[in-house]
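Below: the structure, in C-alpha cells.
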Amino acid sequence: MTYFIFIIRTAIFDLYRNKMRTILTSLGILIGVASVVLLLSFGLGLKEFIRQQFDSLGTNAVFLIPGKIFNQGGGFRGGQGALGGIQFDDRDYINLKRIREAQYVVPVFTKTLSIQGTEKTEYGTLYGTIADIFPSRNLEVEYGELFDKTAVEKRSKVVVLGPSIAAKTFGNASLAVGKTARIDSQSFKVVGVLKSKGGGGLGGPDFDSFMYVPYKSAYVFNPNKTFLTMLLRGNSEADVAIIKMRMNEILLKRYKEDQFTISDSKEFIATIGSIFAMLNSVLVAIGAVSLIVGGIGIMNIMYVSVTERTREIGIRRALGATERDVLLQFLAESVLLSIFGGLAGLGFSYGVVFLLQSVFPAYIDLVSVLTALGTSSFIGIFFGVFPARTAAKLSPMDAIRYE
Amino acid sequence: MTKTTDSKQVSAVIRVENVWKEYRLDNDVVFTALKDINTSISPGEFTSIIGPSGSGKSTLMHVIGLLDKPTRGSVWINNRDVSKMDDAQVSMVRNEFVGFVFQQFNLINKLTILENIVLPTIYTRKKLAYDPVEKAKYLMERFGIGGKERSFPNKISGGQQQRVAIARALIMNPQLVLADEPTGNLDSKSGEEILKLLTELNRDEKITIVVVTHDHSVAKRARRVIEIKDGQIIS
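Just so you know, the sequences run in chain order A and B.
Reminder that position 134 of the first sequence reads as 133 in numbering that gives the first Met the number 0, one-by-one numbering, no gaps.
Reminder that position 59 of the second sequence reads as 58 in numbering that gives the first Met the number 0, one-by-one numbering, no gaps.
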C-alpha cells in the first residue's frame with residue numbers, strides 16, 4: 000500500500016512540478032473528452048426532444064404518409080422516399096373514416112405561407128384540417144375558441160393560431176382574437192389562439208407557429224384538394240395495431256404497397272432513435288479522433304519526461320527499483336495526466352450542458368461519464384505504456400551516467 | 000560454471016570469474032574495457048580499486064554492483080550466480096545487498112534529504128525490522144546532518160550531500176558499500192571526513208567497502224588495493 004501511495008504521490012508531485020506542461024498536455028484530453036461527452040449529451044437531448052414532441056401529439060397516434068420512408072428494419076429507405084409519389088384526397092379520408100377502432104381520423108394539408116397581422120408579417124405552417132385535430136393532438140384554446148365541424152362544411156374563413164405566431168403578428172397573442180389575418184393575400188378571421196405546446200428549434204416542428212384552418216377553406220391554397228398526411232388515433236395500443244392493419248387493407252385497394260407509409264409514434268421514435276444512434280456513433284468517432292490526438296500529446300510529453308529524468312531513473316534502478324517499478328511510475332503519471340484531462344473535460348461538459356439546458360434538453364448520463372473516464376484512463380495507459388517501457392528498459396548504468 | 004570448494008571463495012561476498020566487458024563502438028570497433036578479470040572480495044574487507052582514467056575501474060565497479068552485465072564470465076554474490084537472475088532478482092540484490100556512493104552524489108533533487116535516504120526502502124520486497132524514517136534520522140544525526148530532513152539536496156554543501164548518499168547507501172543494512180570516487184567532487188577537508196566515515200563503518204560495523212579511485216592517497220586508506228590498468232588487474 001505504501002508502495003502505491005508512493006508511486007501515485009511521486010506522479011502527482013512530478014505533474015505538479017511541471018504545472019504548465021501538465022495543463023497543456025491535459026488540454027488535448029479535455030477537448031477530446033468534452034467533444035465526446037457533449038456529442039453524446041446532444042444526441043441524448045435531441046432524442047429526448049423528439050420523444051417529447053411525439054408525446055405531445057398524444058399516445059396511440061397513427062400517421063399515414065405518402066411514399067415509403069422506412070425500411071422494414073428501421074432506417075431511411077433509399078429511392079423514392081418521403082412525400083414521393085401519391086397524394087391523398089377526400090376519398091381516402093372517407094375510406095379511412097370507416098375504421099371503427101379509430102377514435103379520430105384527421106386529414107391534414109400543410110403549406111408554409113405568409114401571415115400578416117396588425118403588427119407584422121411572418122411565415123408559418125398552415126394546417127388545412129378538421130376540428131378533430133384539436134382533441135386528437137391535445138391542443139387547447141388559450142383565447143377565443145376553436146373552430147368546429149360546421150366551420151369546415153361552411154368553408155368559413157376562420158383561423159386558430161399558435162401562440163407564438165399570434166404574438167409575432169399581432170403584438171400580443173390575446174389581441175389576435177377577432178382580428179383579421181391575411182394569409183397569403185386571403186383574409187381569415189382569427190377565432191382562437193392555442194395554449195403553448197412548445198417545440199421549434201433544431202429543425203423540429205414549432206407547434207406554436209402553426210395556423211389551423213378548416214381544410215375546405217384552405218382549398219384556395221390547395222386547388223388539387225389533396226392531403227399531405229392523415230392522422231388517426233385509437234383508444235389503446237391494441238387499437239393502434241388494428242387501425243394500422245385496416246388502413247393497410249383500405250389503402251392497398253387504391254395504392255401500391257411502396258406508395259405509402261403507415262407508422263405509429265412508437266415506431267417513429269424507434270426509427271428516429273436508431274438513426275440518431277448511428278449519427279451519434281459517427282459524431283462520437285469524430286470526437287474520438289481528438290482523444291487520440293490528445294493521447295499522442297501525452298505520449299510525446301512522456302517521452303520528453305523520460306529523457307529529462309534518465310539520470311533519476313538510473314539512480315532509482317541503482318537503489319533497487321525494478322523495471323516494473325519504473326514502468327509503473329511513468330504509467331501512473333500518464334494515467335493521472337489523462338484522468339485529470341478527462342475530469343476537466345467532464346466538468347467543462349457539465350458546464351456547457353447546464354448553460355444549454357434552458358433552451359435544449361441535453362443531459363449527461365452515467366454512460367457518458369463512464370465512457371469519458373474509461374476512455375481517458377485507457378488513453379493514458381495505451382499512450383503511456385510506450386514511453387514507460389522505454390524508461391523501464393534503460394540500462395541502469397547508461398541511465399546513471401546520462402548527462 | 001562449476002561450484003568452487005575453496006573455502007575463501009565460498010565465503011566471498013563477491014566473486015568475479017573470467018569477466019570480460021566489451022563495447023561495440025559506432026565504427027564497429029570493439030573496445031575491451033575489462034579483460035579476463037578474476038577477483039573476490041571477502042566479508043569485512045576494505046578494498047580499493049585504483050587505476051588511471053579509462054583503466055576500467057568504474058566498469059568493474061558497475062559489474063560488481065550489478066549495474067552492468069559482463070560480456071563474458073560470471074559474477075557471484077554470496078555464492079549465487081548473478082547471470083542466472085532475472086531483473087527483479089538482480090534489482091532485489093542491488094536493493095538489499097549493495098549500497099552505492101557516487102562521485103556525483105546522485106541524489107534526487109526534487110526529493111527531500113529524508114525522502115532520498117529512505118528511497119531504497121520503498122523498493123524493497125522484504126519486511127523491514129525497523130522504521131526506515133527513524134533509522135534515516137539516526138544516520139543523519141550520526142553523520143552530522145541532523146535537522147536537514149526537509150531540506151533539498153541542492154540546498155546543502157557537497158560534503159553534506161555525500162553524507163546523505165552514504166546514509167542512503169546504509170539504510171538497507173547492506174553487506175557491501177561500493178563507492179565510486181567518493182571524494183572526487185569534494186574539497187580535501189570534506190573528502191577526508193568522508194573517507195574517515197567509510198573507514199569507521201568498515202572498522203566498527205564490519206561493512207565490506209570497495210572504493211574506486213584514481214587517487215593513491217585515497218586508495219592507501221584501504222587494507223587491500225587492486226590495481227587495474229587497460230582492463231586488467233596488475234596487482
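Ideal placement from N, C-alpha and C gives every residue a C-beta, glycine not left out.
- Query: Can a CB atom of chain A be found closer than 7 Å to the CB of B:Ser-189?
  - Reply: no
- Among A:Thr-179, A:Ala-166, A:Tyr-92 and A:Leu-326, the one whose alpha carbon lies nearest that of A:Ala-380: Rather than Ala, the amino acid found at residue 380 of chain A in this sequence is Ile. Looking at the Cα atoms, A:Leu-326 is the closest of the given residues.
- Item | Three-state secondary structure assigned by DSSP to B:Ser-73 | strand
- Query: Is the Cβ-Cβ distance between A:Asp-187 and A:Lys-156 less than 7 Å?
  - Reply: For the sequence presented, residue 187 of chain A should be read as Phe rather than Asp. In this structure, A:Lys-156 lies closer than 7 Å to A:Phe-187 by Cβ.
- For B:Gln-160, count neighbouring C-beta atoms within 10 Å of its own C-beta (all shown protein chains included) and say buried if the count is 16 or more, exposed if not. buried
- Go through its chain and collect everything with a Cβ distance to B:Ser-52's Cβ below 8 Å, but skip five positions before and after it. His-213
- Message: Using beta carbons (cut-off 7 Å, strictly below), is B:His-213 in contact with chain A?
- Response: no
- Note the first and the last residue of the continuous beta strand (DSSP E) segment covering A:Phe-259. 259-263
- Query: For chain B, is any of its Cβ atoms less than 7 Å away from the one on A:Gly-319?
  - Reply: yes
- Residue range of the beta strand (DSSP E) that includes A:Ser-113: 103-115
- Query: How is A:Gln-185 classed by DSSP in three states: helix, strand or coil?
  - Reply: strand
- Just to confirm, are A:Ser-25 and A:Phe-339 a CB contact at a threshold of 7 Å? yes
- Message: Given this structure, state the Cα-to-Cα distance separating A:Leu-230 from A:Ile-64, to the nearest angstrom.
- Response: 9 Å
- A:Asp-364 versus A:Gly-373: straight-line alpha-carbon distance, rounded: 14 Å
- Task: Would you mind listing the beta strand (DSSP E) stretches within the region 114-191 of chain A that are 3+ residues and don't spill past its ends, in chain order?
- Result: 120-128, 140-143, 157-160 and 179-182
- Provide the residue span of the beta strand (DSSP E) that contains B:Asp-35, from first to last. 29-40
- Identify the continuous alpha helix (DSSP H) that holds B:Val-81 and give its terminal residues. Element bounds for B:Val-81: n/a, residue is neither H nor E.
- Item | Assigned secondary structure, B:Ala-221 (DSSP; H/G/I helix, E/B strand, else coil) | coil
- Along the chain, which unbroken stretches of the alpha helix (DSSP H) at least 4 residues long are found entirely within the region 135-194 of chain B? 157-169
- Item | Cβ separation of B:Ile-225 and B:Thr-58, assumed to be a contact under 8 Å, to the nearest whole Å | Incorrect: roughly 13 Å between the Cβ atoms, too far for contact.
- Short Cβ contact (7 Å threshold) for B:Pro-152 with B:Asn-108: yes
- Query: Are B:Ala-178 and B:Val-100 touching if we call contact CB-CB under 7 Å?
  - Reply: yes
- Is there a Cβ from chain B that is less than 7 Å from the Cβ of A:Ile-7? no
- In three-state DSSP terms, what is B:Lys-125? coil
- Item | Secondary structure of A:Ala-60, DSSP reduced to three states | strand
- Can you find a heavy atom of the ligand PLP that lies under 6 Å from the Cβ of B:Pro-152? Here there are no bound small molecules, and the ligand PLP is not part of this structure.
- the region 327-346 of chain A touching the region 113-129 of chain B, judged by at least three CB pairs closer than 8 Å: no
- Tell me, please, whether the CB atom of B:Ile-170 is closer than 7 Å to any CB atom in chain A? no
- Exposed unless 16 or more other CB atoms sit within 10 angstroms - verdict on A:Gly-77: Confidence at A:Gly-77 is low in this model, with a pLDDT of 46, below 50, so the placement of that residue should be treated as unreliable; the coordinate-derived value is given next. Exposed, because fewer than 16 other Cβ atoms sit within 10 Å of the Cβ of A:Gly-77.
- Task: Work out the CA separation of A:Ala-371 and A:Val-151 for me, nearest whole Å.
- Result: 56 Å
- Message: What would DSSP say about B:Val-100, mapped onto helix, strand or coil?
- Response: strand
- Item | Cutoff 6 Å; reference A:Ala-165; Cβ partners in own chain excluding five residues on either side | Ala-172, Ala-175 and Val-192
- Query: Within this structure, are the beta carbons of B:Ser-41 and B:Val-210 separated by less than 7 Å?
  - Reply: no
- Message: Please report whether the beta-carbon of B:Pro-119 lies at a distance below 7 Å from any beta-carbon of chain A.
- Response: yes
- Message: Beta-carbon within less than 6 Å of B:Lys-56's beta-carbon, same chain only, minus the 5 sequence neighbours each way: which residues are those?
- Response: Ile-48, Gly-50, Val-211 and Ile-227
- Got a sec, what are the start and stop residues for the alpha helix (DSSP H) B:Ile-13 sits in? Looking at the DSSP string, B:Ile-13 is not in any alpha helix (DSSP H); the run it does join, the beta strand (DSSP E), is 13-23.
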